[in-house]
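**Q**
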Amino acid sequence: MPRLELNPNFTDPDAFYAALTELHRERSEAESERINARLILLLANHIGDQQVLEEALAIAGQATTQPSERLESAKDSTGR
Numbered sequence: 001m002p003r004l005e006l007n008p009n010f011t012d013p014d015a016f017y018a019a020l021t022e023l024h025r026e027r028s029e030a031e032s033e034r035i036n037a038r039l040i041l042l043l044a045n046h047i048g049d050q051q052v053l054e055e056a057l058a059i060a061g062q063a064t065t066q067p068s069e070r071l072e073s074a075k076d077s078t079g080r
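Under our numbering, the residue at position 48 of the sequence shown is numbered 48, and the numbers go up by one with no gaps.
(1) Just to confirm my understanding: we take M1, look at its own chain, exclude 5 residues before and 5 after, and list those with CB closer than 7 angstroms. What are they?
(2) By how many angstroms is the C-alpha of I35 removed from the C-alpha of L42?
(3) Quick check: the Cα distance between I40 and E72, rounded to an integer number of angstroms?
(4) Extract the residue ranges of the alpha helix (DSSP H) inside the segment 4-73, only unbroken runs of 4 or more that lie entirely within it.
(5) Using 8 angstroms as the threshold, is the C-beta distance between E55 and R3 below it?
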């Protein structure tokens, strides 16, 4: 059964971040929200596995902790 990949898996995270920030440059907040929604749906469609998507939603929903703490907590709970 597929699991959410929690270990670094980017070939070039800085390039992705630069492309993402450029995509949002000079956009209104509403436009950025629409872009983010479309990007989420495109990536969810690419992933395709409901269990993996639900795991990602659960981790993303842990908004009360710092990102690094959420990742460590997720790794602890999955054993990865």
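Ideal Cβ positions, reconstructed from N, Cα and C, are used throughout, including at glycine.
As the structure is a computational prediction, the values presented were derived from the model and not from experiment.
**A** On the basis of the supplied data:
(1) Translated into positions along the sequence shown, residue 1 becomes position 1. These residues qualify, in order along the chain: Q51.
(2) Residue 42 sits at position 42 when you count from the first residue of the sequence shown. Residue 35 sits at position 35 when you count from the first residue of the sequence shown. Those two C-alpha atoms are separated by around 10 angstroms.
(3) Locating residue 40 in the sequence shown gives position 40, where the first residue counts as 1. Locating residue 72 in the sequence shown gives position 72, where the first residue counts as 1. Between I40 and E72, the C-alpha separation is close to 23 angstroms.
(4) You should have 13-24, 29-47, 50-60.
(5) The residue you call residue 55 lines up with position 55 of the sequence shown. The residue you call residue 3 lines up with position 3 of the sequence shown. Cβ distance < 8 angstroms, so E55 and R3 count as in contact.
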